[in-house]
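Presented below is the structure to which this report refers.
Number of protein chains: 2
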Amino acid sequence: MLYLIGLGLGDCRDISVRGLEVVRRSARVYLECYTSIMFVSKEELEKFYGRSLILADRELVEQGVGEVLELAMTQEVAFLVAGDPLAATTHSDLILRAQKKGVEYRVFHNASIISAVACSGLQLYRFGETVSIVMWTDDWQPDSFADKIENNLSRGLHTLCLLDIKVKEQTVENMMRGNKVFEPPRYQSVSEAAAILLSIVQRRQEQGCSYLLKNDSLSIALARVGSETQQIVSCTLSQLATADLGPPLHCLVIPAGMHHMEEDMVKCFALKQQPHPIKNIQ
Amino acid sequence: MLYLIGLGLGDCRDISVRGLEVVRRSARVYLECYTSIMFVSKEELEKFYGRSLILADRELVEQGVGEVLELAMTQEVAFLVAGDPLAATTHSDLILRAQKKGVEYRVFHNASIISAVACSGLQLYRFGETVSIVMWTDDWQPDSFADKIENNLSRGLHTLCLLDIKVKEQTVENMMRGNKVFEPPRYQSVSEAAAILLSIVQRRQEQGCSYLLKNDSLSIALARVGSETQQIVSCTLSQLATADLGPPLHCLVIPAGMHHMEEDMVKCFALKQQPHPIKNIQ
């Protein structure tokens, strides 16, 4: 049996009680580490679970999956994923391969930012399409996510913006030389994401276009949702570009028109209650 | 301290390890019972937690909240909610009142159908606005949710349809007489929801309109997600109208165009693998 077990968002004790039961009794326990980042270290998890964990990077899952499934045919194997185990594309692949081989699987769902974003005070049923904001380089500055935000705004829907993560990236030089040396992981901050959105707003103004997203549009920044150091700040997009919400993971919400109750909740997170510019509030 | 603790979707052991710690040590433990339905009985939960639970209906939360918050000023109080604790509107109200009174609060997120719907094989970032399908009566047959589905389809986005729940409803007679007698709870099934969508498709055809949603549109029915008896079936909307997926909760997904990997996953749930009409497959 293959168990895909979600670990939730902010604490090693966010695993469900039945998830922990399975982890403790499984023949082998993998910790997925390429589509999501962990909010705690492998060592902390190992200590809490009382089990040693095998880090599963993309290579292991794509090439070593045969061995994982072979074991799961006769024994219990746990595959741990931060957040909800099915939020990332590649696990569909793992499930399809398991089904093909006749390996039974179970999914233990857990919190994901897709639903936990309700802590912003906004109602989940008023969100439109989720977008991903990518890190810009000098040569590559896509902006299709801004069209999606615009489309949501025009329909009165909020937008959850997931921010870019670069893990196991190689420099061009290392890639050309075939050196398996990886750059330190990088996580886009809300201020970086806000700066990109502001550039897009400026581009559009220069083109003489009229859009709903503006420099003074309300935005809600969320950092480390679900953890003890969670932070939520609401301010304008311009203000956000100079804010520092501390360590990752961050995400960003662009709200559309809000209901009365949503407004009251969002006011609680207003920047005026914070020093400005925000610097590592913890 | 007030803890809002999500219980997840399908099993009493879906509470997180830290959620259980809080439940076991709190001065008082409330179980919210009016915005969501429990997949297990209060008694089973009490047995598992080793604590007695106070059922919190709308009346208690709206009128008795003062007492709850009074206690939370000096002691730990747990407020348990099926799924994720912030998926329902009314808990914003509870949080706002807590903040006004200076009561600290913490939210322990958990799985919600909003993210767990990824078990359908569809990618979460390809979903548009979530809709709610309401039970029709002879006099009241709204169809605005169908416009939202249509809008999502036209943008290539899937739609999660939450189905109607009627709890603590009174007959007009009992209401007029002031009898506090409530009808048994009713939960809309996927077949009832499909029948409503088919009626809307027919209305539109009679009006000569052309829409993307049709009788033979692919739909994915989900029942009891996250539980041991979870069922997922993909078939046409017409076929779904005669399907029986057993006890609640059900929900329905109307997929837009699918990616290759999504198609492969959805095929695994195809109706051809099931007897037809589906009757209480467990």
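Same order as they appear, the protein sequences are chains A and B.
Using full-length UniProt numbering, read the first sequence as starting at 1 and increasing by one per residue.
Using full-length UniProt numbering, read the second sequence as starting at 1 and increasing by one per residue.
Built from N, CA and C at the ideal position, the CB exists for glycine as well.
Touch check for the region 203 to 212 of chain B and the region 188 to 195 of chain B: three-plus C-beta pairs under 8 angstroms? Too few Cβ pairs lie closer than 8 angstroms, so no.
For the alpha helix (DSSP H) containing B:A146, list its first residue and its last residue. Position 146 of the second sequence holds residue 146 of chain B. Its alpha helix (DSSP H) spans residues S144 to S154.
Counting C-beta neighbours from all protein chains within 10 Å, is the total for B:H276 16 or more, i.e. buried, or is it exposed? Your numbering for residue 276 of chain B matches position 276 in the second sequence. Interpretation of B:H276 is limited by its pLDDT of 43, a score under 50 that renders its predicted location unreliable; the figure taken from the coordinates is listed afterwards. With fewer than 16 Cβ atoms within 10 Å of its Cβ, B:H276 is classed as exposed.
Would A:L271 and A:C235 qualify as a contact pair, given that the criterion is a beta-carbon distance under 8 angstroms? Counted from its first residue, the first sequence places residue 271 of chain A at position 271. Counted from its first residue, the first sequence places residue 235 of chain A at position 235. Cβ atoms of A:L271 and A:C235: closer than 8 angstroms.
For A:R18, which residues in chain B fall below 8 angstroms Cβ to Cβ? Within the first sequence, numbered from 1, the residue matching residue 18 of chain A stands at position 18. Under the 8 angstroms cutoff, chain B gives D11, R13 and D14.
So for A:C235, helix, strand or coil by DSSP? Counting from 1 along the first sequence, the entry for residue 235 of chain A is found at position 235. A:C235: strand per DSSP, three-state reduction.
A:L86 to B:L60, Cα distance in whole Å? Translated into the one-based positions of the first sequence, residue 86 of chain A becomes position 86. Translated into the one-based positions of the second sequence, residue 60 of chain B becomes position 60. Straight-line Cα distance between these residues: approximately 36 angstroms.
Sequence-distant residues of its chain with Cβ nearer than 6 angstroms to A:E183 (five each side left out): Numbered from its first residue, the first sequence carries residue 183 of chain A at position 183. Only E169 meet the Cβ criterion.
Using DSSP's beta-bridge definition, name the partner residues of B:V253. Numbered from 1 along the second sequence, position 253 holds the residue referred to as residue 253 of chain B. Paired residues: B:L160 and B:I220.
Determine the DSSP secondary structure at B:T171, reduced to helix, strand or coil. Sequence index remark: in the second sequence, residue 171 of chain B carries index 171 (1-based). The answer is coil: DSSP assigns B:T171 none of H, G, I, E or B.
Residues in the same chain with beta-carbon distance under 7 angstroms from A:V134, minus the five sequence neighbours each way, listed in chain order, please. In the first sequence, counting from the first residue as 1, residue 134 of chain A sits at position 134. Counting only Cβ-Cβ distances below 7 angstroms, and skipping sequence neighbours, we find P142 and D164.
Rounded C-beta distance between B:R58 and B:Y34? I'm assuming under 8 angstroms. In the second sequence, residue 58 of chain B corresponds to position 58, counting from 1. In the second sequence, residue 34 of chain B corresponds to position 34, counting from 1. The Cβ separation is near 4 angstroms, so the contact holds.
Determine the burial state of A:Q123: buried for a count of at least 16 other Cβ atoms within 10 Å of its Cβ, exposed for fewer. Working through the first sequence from its first residue, we reach residue 123 of chain A at position 123. With 16 or more other Cβ atoms within 10 Å, it is buried.
Within this structure, are the beta carbons of A:G246 and A:A111 separated by less than 8 angstroms? Looking up residue 246 of chain A in the first sequence gives position 246. Looking up residue 111 of chain A in the first sequence gives position 111. No, they are not a contact pair.
Runs of 3 residues minimum, wholly inside the region 17 to 98 of chain B: which ones carry the beta strand (DSSP E) assignment? 28 to 32, 54 to 56 and 77 to 81
The alpha helix (DSSP H) enclosing A:I113, as first and last residue numbers: Walking along the first sequence from the start, residue 113 of chain A turns up at place 113. Here the alpha helix (DSSP H) through A:I113 covers I113 to A116.
Using 8 angstroms for Cβ pairs, my map puts A:L240 next to A:Y187. What's the rounded Cβ distance? The sequence position of residue 240 of chain A within the first sequence is 240, counting from 1. The sequence position of residue 187 of chain A within the first sequence is 187, counting from 1. 16 angstroms between Cβ atoms; not a contact.
Would you report the Cα separation of A:P255 and B:T159, rounded to the nearest angstrom? Taking the first sequence and counting its residues from 1, the one referred to as residue 255 of chain A is at position 255. Taking the second sequence and counting its residues from 1, the one referred to as residue 159 of chain B is at position 159. So the alpha carbons of these two residues sit roughly 20 angstroms apart.
Consult DSSP for B:V225 and reduce its assignment to one of helix, strand or coil. Counted from its first residue, the second sequence places residue 225 of chain B at position 225. Collapsing the DSSP output to three states places B:V225 in coil.
Quick one, are the C-beta atoms of B:M261 and A:D14 less than 8 angstroms apart? Translated into the one-based positions of the second sequence, residue 261 of chain B becomes position 261. Translated into the one-based positions of the first sequence, residue 14 of chain A becomes position 14. Going by C-beta atoms, B:M261 is not nearer than 8 angstroms to A:D14.
Are A:A98 and A:Y105 close, meaning C-beta to C-beta below 8 angstroms? Along the first sequence, read from residue 1 onward, the residue named residue 98 of chain A stands at position 98. Along the first sequence, read from residue 1 onward, the residue named residue 105 of chain A stands at position 105. A distance below 8 angstroms separates the beta carbons of A:A98 and A:Y105.
Nearest to A:K47 by alpha carbon, out of A:G64, A:L69, A:A56 and A:R24? The residue you call residue 47 of chain A lines up with position 47 of the first sequence. When only C-alpha atoms are compared, the closest one is A:R24.
Boundaries (first-last residue) of the alpha helix (DSSP H) holding A:V266: Working through the first sequence from its first residue, we reach residue 266 of chain A at position 266. That run of the alpha helix (DSSP H) goes H260 to K267.
Proximity to B:A72 [Cα-Cα], best of B:L252, B:A88, B:M1 and B:E150: As a working note, residue 72 of chain B is residue 72 in the second sequence. Ranking B:L252, B:A88, B:M1 and B:E150 by Cα distance to B:A72 puts B:M1 first.
Partners in chain B for A:C119, counting only beta-carbon separations shorter than 7 angstroms: By one-based count along the first sequence, residue 119 of chain A stands at place 119. In chain order: L86 and V107.
Tell me the DSSP secondary structure of B:I15 in three-state form. As a working note, residue 15 of chain B is residue 15 in the second sequence. Reduced to three states, the DSSP call for B:I15 is coil.
Would you please verify whether the beta carbon of B:L2 is less than 8 angstroms from any beta carbon of chain A? As a first step, residue 2 of chain B is located in the second sequence; it is residue number 2 there, counting from the start. By this cut-off, B:L2 is not an interface position.
Beta-carbon of A:C161 versus every beta-carbon of chain B: anything under 8 angstroms? Position 161 of the first sequence, counting from 1, holds the residue named residue 161 of chain A. Residue-level contact by beta carbon fails for A:C161 and chain B, as no gap is shorter than 8 angstroms.
CA-CA distance, B:V172 and B:D139? Numbered from its first residue, the second sequence carries residue 172 of chain B at position 172. Numbered from its first residue, the second sequence carries residue 139 of chain B at position 139. Distance between the alpha carbons of B:V172 and B:D139: 14 angstroms.
Taking Cβ-Cβ distances shorter than 7 angstroms, what residues in chain A pair up with B:C268? To locate residue 268 of chain B, count along the second sequence from 1; it is residue 268. In chain order: Q99.
Counting only beta-carbon atoms, is A:T130 nearer than 8 angstroms to chain B? By one-based count along the first sequence, residue 130 of chain A stands at place 130. For A:T130, the answer is yes, since a Cβ of chain B falls inside 8 angstroms of its Cβ.
Cα-Cα separation, A:V65 to A:A88: Indexing the first sequence from 1 puts residue 65 of chain A at position 65. Indexing the first sequence from 1 puts residue 88 of chain A at position 88. Using only the alpha carbons, I get a separation of about 17 angstroms.
Between the region 60 to 82 of chain B and chain A, which residues of the former have a C-beta closer than 9 angstroms to a C-beta of the latter? none
From A:T229, A:T130, A:L212 and A:S199, residue whose alpha carbon lies closest to that of A:D11: Within the first sequence, numbered from 1, the residue matching residue 11 of chain A stands at position 11. Residue A:T229 is the option with its Cα nearest to A:D11.
How long is the line joining the alpha carbons of residue 284 of chain A and A:S41, rounded to whole angstroms? Chain A is shown only over 1 to 282; residue 284 of chain A falls outside these bounds and no answer can be derived.
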